[in-house]
Amino acid sequence: MSRVPTALLALRLSIFLVMLMWTLDKFVNPKHAAAVYEHYYGIAAPSAAAMRSLGAIELTLLIGFVLGYRKRLTYGAVLALHAVSTFSSYAAYLNPWESSHLLFFAAWPMLAGCFALYLLRDHDIRLTL
Numbered sequence: 016m017s018r019v020p021t022a023l024l025a026l027r028l029s030i031f032l033v034m035l036m037w038t039l040d041k042f043v044n045p046k047h048a049a050a051v052y053e054h055y056y057g058i059a060a061p062s063a064a065a066m067r068s069l070g071a072i073e074l075t076l077l078i079g080f081v082l083g084y085r086k087r088l089t090y091g092a093v094l095a096l097h098a099v100s101t102f103s104s105y106a107a108y109l110n111p112w113e114s115s116h117l118l119f120f121a122a123w124p125m126l127a128g129c130f131a132l133y134l135l136r137d138h139d140i141r142l143t144l
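When we follow the working numbering, the leftmost residue of the sequence shown carries the number 16, and every step to the right adds one.
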């Protein structure tokens with residue numbers, strides 16, 4: 016029995032957990048989420064309603080992702096979202112010992128995990144639709 020499907024399930028669930036927390040932030044603390052958008056993405060702080068709408072869209076995507084539904088689409092979208100998040104934080108990588116910037120480096124292995132899961136999506140068969 017191959018261990019690959021089990022490893023991919025663990026990867027999918029852990030990526031889901033991280034992305035879910037960032038998505039829930041848009042509902043629980045929309046001001047914080049808006050500040051992140053303004054600081055890292057250069058988007059004027061979206062309203063709480065806009066953050067909740069984005070959160071609803073992300074939550075729908077993440078439910079499809081964790082269920083393994085339409086993998087090319089959902090895994091690809093999660094990869095793209097995390098890539099944008101990782102690359103938009105470039106200033107933190109240039110000065111890693113300032114504030115809590117070292118924590119930003121955790122985004123890189125997660126990005127690699129998203130990429131690996133996308134590439135191996137046809138082998139991710141445990142607990143998928």
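In this text, a Cβ means the ideal position worked out from N, Cα and C, and glycines have one as well.
Starting from residue i, follow the alpha helix (DSSP H) in both directions and report where the run begins and ends.
i    : result
F80  : 63-82
I30  : 19-43
G128 : 122-134
G91  : 86-103
Mind reading off the beta-carbon distance from residue i to residue j? Whole number of angstroms is fine, and I expect it under 8 Å.
i    : j    : result
T176 : G70  : Only positions 16 to 144 of the chain appear in the structure, and residue 176 is not among them; the question remains open.
S104 : F119 : 5 Å
L82  : L144 : 5 Å
Y52  : P61  : 6 Å
C129 : I30  : 6 Å
A48  : M66  : 5 Å
Please state whether DSSP places residue i in a helix, a strand or coil.
i    : result
D137 : helix
L109 : helix
A60  : coil
G117 : In the sequence on display, residue 117 carries Leu and not Gly. Helix at L117.
Checklist entry - Pairing CB atoms from the stretch 130-137 with CB atoms from the stretch 80-95, are three or more of them under 8 Å? => result yes
Checklist entry - Do the stretch 36-51 and the stretch 67-81 make contact, defined as three or more Cβ pairs closer than 8 Å? => result yes
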